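Residue numbering for the sequence shown follows numbering that gives the first Met the number 0, beginning at 0 and increasing consecutively. Each residue gets a CB set at the ideal place from its N, CA and C atoms; glycine is no exception. As the structure is a computational prediction, the values presented were derived from the model and not from experiment.
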Amino acid sequence: MNIYQDITLLIVSHKSENIIYKILNNLGKNFKIIICENSNNLDFKNKIEKNFPHCEINLTGGNLGVSKAANIGLKKIKTKYAIFLTPDTFPKKNCFKKLYDIANSSDDIAIVAPRNLSIKLNKSYGYFSKFLTKKTDQFISNEKYIDVDWIFGCAMLLNMKNISSVDFFDENFFLDFEEIDLCFRLKKKNYNIIFSLDSLIESEPQKSVETSNNQNLRMQRMWHFGWSSFYFYKKHYGFFLGFLKTSKVFFMNFLKMIYHLIFFNKSTSLNYIYYFCGYFSAVLGYPSYLRKSL
Numbered sequence: 000m001n002i003y004q005d006i007t008l009l010i011v012s013h014k015s016e017n018i019i020y021k022i023l024n025n026l027g028k029n030f031k032i033i034i035c036e037n038s039n040n041l042d043f044k045n046k047i048e049k050n051f052p053h054c055e056i057n058l059t060g061g062n063l064g065v066s067k068a069a070n071i072g073l074k075k076i077k078t079k080y081a082i083f084l085t086p087d088t089f090p091k092k093n094c095f096k097k098l099y100d101i102a103n104s105s106d107d108i109a110i111v112a113p114r115n116l117s118i119k120l121n122k123s124y125g126y127f128s129k130f131l132t133k134k135t136d137q138f139i140s141n142e143k144y145i146d147v148d149w150i151f152g153c154a155m156l157l158n159m160k161n162i163s164s165v166d167f168f169d170e171n172f173f174l175d176f177e178e179i180d181l182c183f184r185l186k187k188k189n190y191n192i193i194f195s196l197d198s199l200i201e202s203e204p205q206k207s208v209e210t211s212n213n214q215n216l217r218m219q220r221m222w223h224f225g226w227s228s229f230y231f232y233k234k235h236y237g238f239f240l241g242f243l244k245t246s247k248v249f250f251m252n253f254l255k256m257i258y259h260l261i262f263f264n265k266s267t268s269l270n271y272i273y274y275f276c277g278y279f280s281a282v283l284g285y286p287s288y289l290r291k292s293l
């Protein structure tokens, strides 16, 4: 077994020029890297391929979202494994080797995810029967890795054979919940999702998109979080249980919106208004359509 022959790295980018060189220098030149850039930016493609000959750049022609762009890249990968990364994610020493060793321990493993030092541990993984239930450090203090139901998707080692059995990502998701949906479908087929505690990464949250309009970026993210959350639960639990499963977050966001409206915090209250617009768009059966100018 050779890790460099068995793994292809996949990065989905959109206006990521501000950080893409940093991650590519961090990853080195031993792995083949496929970048799916959600634009038609030929200058981006030419610069990357000139400076990093081991990278293959695929321009999608427009902002297709994470799922569609990731699927374009995944369908080009011929190696046993892929490692999916967001452009703001940086692996620590031996991270990929540890993920690779775990994946090779069983053919039933579909996804292995590292621990992100930039995110609270209880928000990095979870269980569908107790979704959003907090887990304590004590619960896993003596473990190197644990079998979970879902993982946070900024970095994932994917067994290509196993994830192809569920047709990769659901392309109805533009942003958010696409990795949780993938995990759900894999668990239904009795594949294992593994969270590794000693494979470490760090990220620079919300640095993957370079934009002068951060307000539009935040509103778009909130809209898609609202849309994707209801769509996910409706898809897997039905319409009425979808309401029930999302009710806690719905009412918490409603209270936050009221609070910020009372104190005249216009920009923050707009974020929550966009969340509700996305949520009710999914309730009404509309596709994930919002594309703000970034």
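Asked, Found
"Sequence-distant residues of the same chain with beta carbon closer than 6 Å to Phe-194, five excluded per side", "Ala-112, Tyr-124, Ile-145, Val-147 and Ile-150"
"Inter-stretch contact (C-beta, 8 Å, three-pair minimum) for the stretch 219-227 and the stretch 168-184", "yes"
"Buried/exposed call for Lys-133, threshold 16 Cβ in 10 Å", "The pLDDT assigned to Lys-133 is 44, lower than 50, so where the model puts this residue is not dependable; a value taken from the coordinates is nonetheless given after this. Classification of Lys-133: exposed, given that the 10 Å Cβ count is below 16."
"Beta strand (DSSP E) runs wholly inside the stretch 81-131, at least 3 long, in chain order", "88-90 and 108-115"
"Boundaries of the alpha helix (DSSP H) in which Tyr-285 is found, first to last residue", "From DSSP, Tyr-285 is part of no alpha helix (DSSP H); its letter is neither H nor E."
"The stretch 72-82 touching the stretch 20-39, judged by at least three CB pairs closer than 8 Å", "yes"
"Test item: CB-CB of Ile-22 and Ala-109 under 9 Å", "no"
"Complete runs of the beta strand (DSSP E) confined to the stretch 138-200 [at least 3 residues]", "144-147 and 154-158"
"Whole-angstrom distance between Gly-277 and Asn-252, CA atom to CA atom", "13 Å"
"Cα-Cα separation, Val-65 to Thr-7", "18 Å"
"First and last residue of the uninterrupted alpha helix (DSSP H) at Glu-48", "41-50"
"As assigned by DSSP and simplified to three states, the class of Ser-15", "coil"
"Phe-238 to Glu-170 span [Cα, whole Å]", "20 Å"
"Exposure label - Ser-266; buried when at least 16 CB within 10 Å", "exposed"
"Every unbroken alpha helix (DSSP H) inside the stretch 207-285 [4 residues or more]", "213-236, 238-261 and 265-282"
"Bridge partners - Asn-57, DSSP secondary structure assignment", "Cys-35"
"Collapsed DSSP secondary structure at Ser-66 in the structure displayed", "helix"
"Through-space distance from Ser-228 to Ile-2, alpha-carbon basis", "35 Å"
"Beta-bridge partners of Ile-10, as assigned by DSSP", "Ile-34 and Leu-84"
"Three-state class that DSSP yields for Lys-74 in the structure shown", "coil"
"Met-256 and Tyr-285 closer than 9 Å at C-beta", "no"
"Identity of the residue in Phe-168, Lys-247 and Asn-103 nearest Lys-67 by Cα", "Phe-168"
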